Amino acid sequence: MNVIKKLGTVIVLMSIAISSSAFALDKNQKLFVNLTSNEINRAAMAISYSTKVLTQLEIPVTIYLNVEGVWLADKNIPEHKHVSGKSLKEMLSGFMKAGGKVILCGMCMENIGGITKDEVIEGVEIGPGLAALFAEGTTVLSY
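Going letter by letter, the sequence shown gives residues 12 to 154 in this note's numbering.
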(Lines of atoms letter the chains of each structure in order from A and count residues from 1; the text may use other names and numbers.)
(Lines give C-alpha, C1' and ligand atoms only; values in the text may rest on other atoms or scores of the structure.)
Protein backbone atom coordinates (compact mmCIF):
# COMPACT_ATOMS: atom_id res chain seq x y z
CA MET A 1 0.00 0.00 0.00
CA ASN A 2 2.85 2.38 0.85
CA VAL A 3 4.44 1.73 -2.57
CA ILE A 4 1.16 2.60 -4.30
CA LYS A 5 0.96 5.94 -2.43
CA LYS A 6 4.56 6.78 -3.37
CA LEU A 7 3.94 5.82 -6.98
CA GLY A 8 0.77 7.93 -7.02
CA THR A 9 2.66 10.90 -5.57
CA VAL A 10 5.40 10.56 -8.20
CA ILE A 11 2.80 10.41 -10.99
CA VAL A 12 1.02 13.53 -9.68
CA LEU A 13 4.29 15.46 -9.35
CA MET A 14 5.39 14.45 -12.85
CA SER A 15 2.01 15.48 -14.25
CA ILE A 16 2.32 18.89 -12.62
CA ALA A 17 5.86 19.34 -13.95
CA ILE A 18 4.87 18.32 -17.46
CA SER A 19 1.75 20.49 -17.55
CA SER A 20 3.62 23.49 -16.12
CA SER A 21 6.24 23.34 -18.85
CA ALA A 22 3.60 22.77 -21.51
CA PHE A 23 1.81 25.94 -20.47
CA ALA A 24 4.91 28.05 -19.87
CA LEU A 25 4.58 31.45 -21.45
CA ASP A 26 6.65 32.36 -24.44
CA LYS A 27 8.32 35.66 -23.58
CA ASN A 28 7.96 36.69 -27.24
CA GLN A 29 4.17 36.64 -27.01
CA LYS A 30 2.22 39.85 -27.51
CA LEU A 31 -1.47 40.64 -27.34
CA PHE A 32 -3.27 43.02 -29.70
CA VAL A 33 -6.83 43.86 -28.64
CA ASN A 34 -9.02 45.30 -31.38
CA LEU A 35 -11.72 47.29 -29.55
CA THR A 36 -14.46 48.47 -31.91
CA SER A 37 -17.17 49.26 -29.36
CA ASN A 38 -17.81 51.92 -26.75
CA GLU A 39 -20.52 49.80 -25.10
CA ILE A 40 -19.60 49.86 -21.40
CA ASN A 41 -19.58 46.13 -20.62
CA ARG A 42 -17.82 45.04 -23.80
CA ALA A 43 -15.19 47.77 -23.50
CA ALA A 44 -14.69 47.12 -19.77
CA MET A 45 -14.14 43.42 -20.47
CA ALA A 46 -11.55 44.20 -23.14
CA ILE A 47 -9.68 46.70 -20.97
CA SER A 48 -9.83 44.55 -17.81
CA TYR A 49 -8.64 41.45 -19.64
CA SER A 50 -5.83 43.43 -21.29
CA THR A 51 -4.72 44.84 -17.95
CA LYS A 52 -4.65 41.38 -16.36
CA VAL A 53 -2.60 39.91 -19.21
CA LEU A 54 -0.20 42.85 -18.98
CA THR A 55 0.23 42.86 -15.20
CA GLN A 56 -0.17 39.20 -14.26
CA LEU A 57 1.36 37.43 -17.25
CA GLU A 58 3.74 40.27 -18.14
CA ILE A 59 2.86 40.02 -21.83
CA PRO A 60 3.01 43.31 -23.80
CA VAL A 61 -0.50 44.43 -24.74
CA THR A 62 -1.73 46.98 -27.28
CA ILE A 63 -5.36 48.09 -27.34
CA TYR A 64 -6.39 49.43 -30.74
CA LEU A 65 -9.45 51.71 -30.65
CA ASN A 66 -11.38 51.92 -33.90
CA VAL A 67 -14.94 52.28 -35.24
CA GLU A 68 -17.13 53.28 -32.21
CA GLY A 69 -14.25 52.42 -29.88
CA VAL A 70 -12.63 55.77 -30.72
CA TRP A 71 -15.11 57.54 -28.44
CA LEU A 72 -13.44 55.88 -25.45
CA ALA A 73 -10.46 58.19 -26.02
CA ASP A 74 -12.49 61.41 -26.34
CA LYS A 75 -11.90 63.34 -23.11
CA ASN A 76 -14.97 65.52 -23.72
CA ILE A 77 -17.55 62.73 -23.70
CA PRO A 78 -19.03 62.20 -20.23
CA GLU A 79 -19.46 58.59 -19.24
CA HIS A 80 -21.05 56.38 -16.65
CA LYS A 81 -19.19 54.29 -14.12
CA HIS A 82 -18.87 50.57 -14.75
CA VAL A 83 -19.98 48.22 -11.96
CA SER A 84 -16.29 48.08 -11.00
CA GLY A 85 -16.67 51.70 -9.86
CA LYS A 86 -14.40 53.09 -12.56
CA SER A 87 -15.19 54.84 -15.82
CA LEU A 88 -13.80 53.41 -19.04
CA LYS A 89 -11.39 56.35 -19.31
CA GLU A 90 -10.11 55.60 -15.80
CA MET A 91 -9.67 51.96 -16.78
CA LEU A 92 -7.78 52.94 -19.96
CA SER A 93 -5.56 55.32 -17.98
CA GLY A 94 -4.79 52.58 -15.45
CA PHE A 95 -3.92 50.21 -18.29
CA MET A 96 -1.51 52.76 -19.77
CA LYS A 97 0.03 53.52 -16.36
CA ALA A 98 0.70 49.78 -15.99
CA GLY A 99 2.68 49.90 -19.26
CA GLY A 100 -0.01 49.11 -21.81
CA LYS A 101 -0.17 50.85 -25.16
CA VAL A 102 -3.36 52.38 -26.60
CA ILE A 103 -3.51 53.32 -30.29
CA LEU A 104 -6.38 55.27 -31.80
CA CYS A 105 -7.27 54.73 -35.46
CA GLY A 106 -6.69 58.13 -37.04
CA MET A 107 -9.16 57.59 -39.87
CA CYS A 108 -11.93 56.44 -37.49
CA MET A 109 -11.10 59.27 -35.10
CA GLU A 110 -11.88 61.82 -37.80
CA ASN A 111 -14.54 60.09 -39.90
CA ILE A 112 -16.59 58.30 -37.24
CA GLY A 113 -15.76 60.03 -33.98
CA GLY A 114 -15.32 63.58 -35.22
CA ILE A 115 -12.50 63.83 -32.69
CA THR A 116 -9.52 66.16 -32.96
CA LYS A 117 -6.04 65.46 -31.59
CA ASP A 118 -6.65 67.97 -28.80
CA GLU A 119 -9.66 65.98 -27.60
CA VAL A 120 -7.78 62.69 -27.14
CA ILE A 121 -7.00 61.61 -23.57
CA GLU A 122 -3.37 61.79 -22.53
CA GLY A 123 -1.19 58.80 -23.38
CA VAL A 124 -3.18 57.55 -26.37
CA GLU A 125 -1.23 57.37 -29.63
CA ILE A 126 -2.81 58.15 -32.98
CA GLY A 127 -1.84 55.92 -35.85
CA PRO A 128 -2.50 52.83 -37.85
CA GLY A 129 -1.14 50.34 -35.30
CA LEU A 130 0.10 48.02 -38.03
CA ALA A 131 3.48 47.31 -36.44
CA ALA A 132 1.84 46.04 -33.24
CA LEU A 133 -0.76 44.03 -35.16
CA PHE A 134 1.69 42.22 -37.40
CA ALA A 135 4.55 41.75 -34.93
CA GLU A 136 5.76 38.17 -34.69
CA GLY A 137 4.13 36.21 -31.87
CA THR A 138 1.07 38.46 -31.66
CA THR A 139 -2.31 37.08 -30.65
CA VAL A 140 -5.29 39.19 -31.73
CA LEU A 141 -8.55 39.49 -29.79
CA SER A 142 -11.48 41.52 -31.03
CA TYR A 143 -14.22 43.11 -28.95
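Yeah, the Cβ is synthetic: ideal placement off N, Cα and C, and Gly gets one too. Just so we're clear, the structure is a prediction, and the values are computed from it rather than from any experiment.
When secondary structure is reduced to three states using DSSP, V81 falls in the helix class. Short of 6 angstroms from the beta carbon of I137, and not among the five residues preceding or following it, lie these beta carbons of its own chain, in chain order: L115 and G117. Relative to I58, the option among D85, D37, G111 and E79 whose CA is nearest is G111. Here N49 is near L83, since their CB atoms are less than 7 angstroms apart. L76 sits close to L46, with the two beta carbons spaced by under 7 angstroms. Comparing alpha-carbon positions, the option among N122, A146, F106 and T127 lying closest to I74 turns out to be F106. L152 and V44 do touch by the CB rule: their CB atoms are close to 5 angstroms apart, below 8 angstroms.
Residue burial annotation: T150 is exposed, with fewer than 16 other C-beta atoms found within 10 angstroms of its C-beta.
Sequence-distant Cβ neighbours of M56 in its own chain, meaning closer than 7 angstroms and more than five residues away, are Y154. In this structure, DSSP gives F145 a state outside helix and strand, which the three-state scheme calls coil.
Rounded to the nearest angstrom, the gap between the Cα atoms of M120 and V64 is 26 angstroms.
DSSP places E130 in the helix class (H, G or I) of the three-state scheme. Under the criterion of beta carbons closer than 8 angstroms, V81 and I123 qualify as touching, at roughly 6 angstroms.
Residue pairing for L68: DSSP places it in no beta bridge. Its Cα nearest to that of K86, the residue E101 stands out among K97, G96 and E101.
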